[in-house]
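Under this note's numbering, the first residue of the sequence shown is numbered 11, with each subsequent residue one higher.
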Amino acid sequence: MIKKIRKICCIGAGYVGGPTMSVIADRCPHLEVNVVDTNEERIKKWNSKDLTKLPIYEPGLEDVIERRRNKNLKFTSDVKENIANADMIFISVNTPTKSRGLGAGQASDLKWVDLCARQIAKYAKGETIVIEKSTLPVKTAQTINEILKSANTYEEGTNRSKRKFFILSNPEFLAEGTAISDLENPDRVLIGGEDPDAINALAEIYSYWVKKEKIITTDLWSSELSKLISNAFLAQRISSINSISALCEITGADIKDVSLAIGADKRIGKHFLKSGPGFGGSCFKKDILNLVYICNHYGLYEVSSYWQKVIEINEWQQKRISSLIVDKLFGTLFNKKISILGFSFKANTNDTRESPAINICNDLIEEGANLHIYDPKVNEKKIKEDLKNRVKSENINCFVETSINECINNSHAIVIVTEWDEFRNLDWKEIYAKMEKPAWVFDTRNITNSADVLDAGFKFWRTGRTYF
Ligand code: UDX
Ligand code: ADP
């Protein structure tokens with residue numbers, strides 16, 4: 011029997027660790043939840059009195075933090091002490107795609123997970139349940155297990171014979187922008203593991219707010235693989251609908267109607283059928299690249315090239331949008347002011363990882379455009395840093411504005427890249443009056459009212475529909 015869980019430690023205070031632990035602390039006030047991160051600046055932000063200064067933006071997060079912080083929820087950089095005291099440790103560190111070495115460009119970089127496992131091996135005492143929460147390649151749990159069992163670097167004074175580790179996989183399915191509601195009301199909770207007591211200990215925590223029938227238990231590998239495949243299936247739907255958006259534009263159909271019609275079939279379902287500038291975020295591309303890598307490793311070349319195409323269509327959609335903007339603006343963007351509305355990879359988050367805006371802005375800058383960018387939650391430093399990492403030209407002609415108004419004055423075109431609510435119902439007549447003519451609106455997210463934009467006098471393009 012595993013002892014009663016009282017203290018939880020989460021390693022990694024990022025987009026996954028922060029909100030997940032906040033909700034666990036909120037729903038289980040009897041547990042002590044400590045979130046640790048080596049990034050002290052990030053920890054400082056999690057502890058800032060002004061809740062608008064939290065390191066991540068998520069609707070509803072501020073309220074949960076206000077309720078639980080410094081009660082049973084703590085953010086700290088004291089990794090050692092919190093690992094040593096924990097009955098249960100979540101690993102929630104970053105796992106980006108490897109940039110060099112074997113599997114570069116496809117496999118996940120496990121250096122942070124490896125380091126984390128070694129820290130646990132060094133400091134943990136007694137019985138500890140170790141849970142992989144980060145999205146990881148299949149069989150990573152096995153690696154963590156081996157590190158924990160064979161590590162000989164345990165802290166002096168720890169009674170080694172009494173130490174025992176139980177490894178579980180508990181993938182996170184939250185989507186950014188809706189993280190709190192996804193955590194509070196998940197479609198399912200997945201727990202993979204070998205030890206029934208350890209599985210039950212984690213299931214018991216979730217059972218405080220999740221119905222038993224929504225808690226699925228599997229072996230370790232099935233759980234790890236299910237997370238990769240969930241993301242791959244979701245991404246595949248987006249590439250499918252985006253590929254058809256191009257066909258709609260050529261043939262005169264409307265992708266919004268096509269999505270509605272096919273989504274009405276219960277077997278297809280209505281979600282994840284919005285065509286747009288392609289998927290972004292930290293997970294989809296990384297997970298599919300992982301899947302491609304695994305399939306190649308096992309010689310399943312047809313399977314790997316099938317999934318590779320999902321990424322290729324995504325990149326093609328972004329290039330297609332950049333090219334048509336250049337084309338509509340008479341083949342040259344030299345010295346033209348273009349307003350970019352939205353920079354985050356989706357609405358209601360300040361996350362820009364793999365944001366389509368980065369690729370689209372890069373293409374427009376390379377064509378000589380003068381970009382003015384506005385995003386309600388992404389700050390200037392982040393936008394400039396992302397573009398500096400992406401754009402090859404020395405001269406990055408880009409200004410970050412603090413309002414839509416500053417952005418659009420005298421511009422030749424507006425490109426809506428993120429579906430923020432505040433871009434949905436703009437006063438198009440007023441905006442038109444302030445712009446160079448012919449004035450264009452490119453709505454990559456299909457969120458504007460096309461009749462309003464056209465009535466105001468604009469030339470107009472939106473994904474998956476052509477206006478003549
Ligand atoms: C995703 C998964 O949804 C989540 O379960 C997993 O835990 C992490 O990865 P996230 O990347 O945060 O979550 O957001 P998601 O809502 O899935 O959107 C991903 C991308 O797809 C965004 O760029 C979004 O704009 C795009 N998207 C989504 C579309 O283009 N069309 C759609 O219909 C839905
Ligand atoms: P995710 O979206 O998966 O949550 P993030 O990059 O937002 O990813 O967060 C991961 C966090 O994990 C970062 O803040 C990083 O500093 C932290 N981290 C990585 N390795 C360690 C480690 N060994 N110990 C503590 N924190 C770590």
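Even for Gly, the Cβ is constructed at its ideal location relative to N, Cα and C.
Residues near K63 in its chain [Cβ-Cβ closer than 7 Å; skip 5 each side]: Against the sequence shown, residue 63 aligns to sequence position 53. Excluding sequence neighbours, K63 sits near K55.
Inter-residue Cα distance where the pair is L299 and A443: Counted from its first residue, the sequence shown places residue 299 at position 289. Counted from its first residue, the sequence shown places residue 443 at position 433. If I take the Cα positions, the gap works out to 46 Å.
Minimum C-alpha distance to L200 - residue among G136, T145, E50: Numbered from 1 along the sequence shown, position 190 holds the residue referred to as residue 200. Of G136, T145, E50, the residue nearest in Cα terms is T145.
H307 - containing alpha helix (DSSP H), residue span: Reading the sequence shown from its first residue, position 297 is the one you call residue 307. Where H307 is concerned, the enclosing alpha helix (DSSP H) stretches over 294-307.
Bridge-paired residues (DSSP) for H382: Here residue 382 refers to the residue found at position 372 when the sequence shown is read from its first residue. The partner list for H382 (beta bridge, DSSP) reads S349, F409.
Proximity winner among I350, K221, I248, I426, relative to P196 (alpha-carbon distances): The residue labelled residue 196 in the question sits at position 186 within the sequence shown. The shortest C-alpha separation from P196 is found at K221.
Helix, strand or coil at G341 [DSSP, three-state]: Walking along the sequence shown from the start, residue 341 turns up at place 331. Of the three classes helix, strand and coil, the one that applies to G341 here is coil, per DSSP.
C-alpha gap between A211 and I157, whole angstroms: By 1-based counting over the sequence shown, the position of residue 211 is 201. By 1-based counting over the sequence shown, the position of residue 157 is 147. One C-alpha to the other measures close to 23 Å.
Stretch-stretch touch, CB-based, cutoff 8 Å, three pairs: the stretch 62-78 with the stretch 100-116: no
Which residues DSSP lists as bridging M98, in chain order: To locate residue 98, count along the sequence shown from 1; it is residue 88. BP columns for M98 point to I18, I139.
K469 versus I457 - alpha carbon distance: In the sequence shown, counting from the first residue as 1, residue 469 sits at position 459. In the sequence shown, counting from the first residue as 1, residue 457 sits at position 447. When rounded, the distance between both Cα atoms is 16 Å.
C-beta neighbour in chain C for Y477, strict 7 Å: In summary, chain C is missing from the structure at hand, where a single protein chain is found.
Separation of E312 from D73, as counted between CA atoms: Within the sequence shown, numbered from 1, the residue matching residue 73 stands at position 63. Within the sequence shown, numbered from 1, the residue matching residue 312 stands at position 302. Cα to Cα, D73 sits roughly 48 Å from E312.
Lining residues of the ligand UDX - beta-carbon closer than 5 Å to any non-hydrogen atom, in sequence order: F183, A185, E186, I248, F282, K284, G286, F289, G290, G291, C293, F355, K356
Proximity below 7 Å, CB of L374 to CB of I348: As a position in the sequence shown, residue 374 is number 364, starting the count at 1. As a position in the sequence shown, residue 348 is number 338, starting the count at 1. Yes.
Residue closest to R198, alpha-carbon to alpha-carbon, out of I190, P206, G187, P181: Along the sequence shown, read from residue 1 onward, the residue named residue 198 stands at position 188. The candidate whose alpha carbon is nearest that of R198 is P181.
Sheet register partners of V388 (DSSP bridge): Looking up residue 388 in the sequence shown gives position 378. Partner(s): none; V388 has no beta bridge.
Straight-line Cα distance separating M445 from C408: Taking the first residue of the sequence shown as position 1, residue 408 is located at position 398. Taking the first residue of the sequence shown as position 1, residue 445 is located at position 435. Cα to Cα, C408 sits roughly 18 Å from M445.
Beta-carbon proximity list for K398, same chain, < 8 Å, skipping 5 on both sides: Your numbering for residue 398 matches position 388 in the sequence shown. Within the same chain, K398 has close Cβ partners I406.
V123: CB within 6 Å of a non-hydrogen atom of the ligand ADP: If you number the sequence shown from 1, residue 123 lands on position 113. V123: no, Cβ never under 6 Å from the ligand ADP.
Whole-angstrom distance between I34 and Y216, CA atom to CA atom: Position 206 of the sequence shown, counted from the start, is the residue given in the question as residue 216. Position 24 of the sequence shown, counted from the start, is the residue given in the question as residue 34. Going from the Cα of Y216 to the Cα of I34 covers about 8 Å.
Where the alpha helix (DSSP H) through E156 begins and ends: What you label residue 156 is simply residue 146 of the sequence shown in a count that begins at 1. Its alpha helix (DSSP H) spans residues 150-160.
Supposed contact pair N82 and V43 - C-beta distance, whole angstroms, cut 8 Å: Within the sequence shown, the letter at position 33 stands for residue 43. Within the sequence shown, the letter at position 72 stands for residue 82. Contact holds; Cβ gap of about 6 Å.
Proximity test, Y477 beta-carbon vs the ligand ADP heavy atom, cut-off 6 Å: As a working note, residue 477 is residue 467 in the sequence shown. No, the beta carbon of Y477 sits no closer than 6 Å to any heavy atom of the ligand ADP.
Distance between G286 and D97 (C-alpha atoms, nearest Å): Along the sequence shown, read from residue 1 onward, the residue named residue 97 stands at position 87. Along the sequence shown, read from residue 1 onward, the residue named residue 286 stands at position 276. If I take the Cα positions, the gap works out to 44 Å.
Outcome for A274 when other beta-carbon atoms lying within 10 angstroms are tallied against a minimum of 16: For the purposes of this step, residue 274 is taken as residue 264 along the sequence shown, with counting starting at 1. Classification for A274: exposed.
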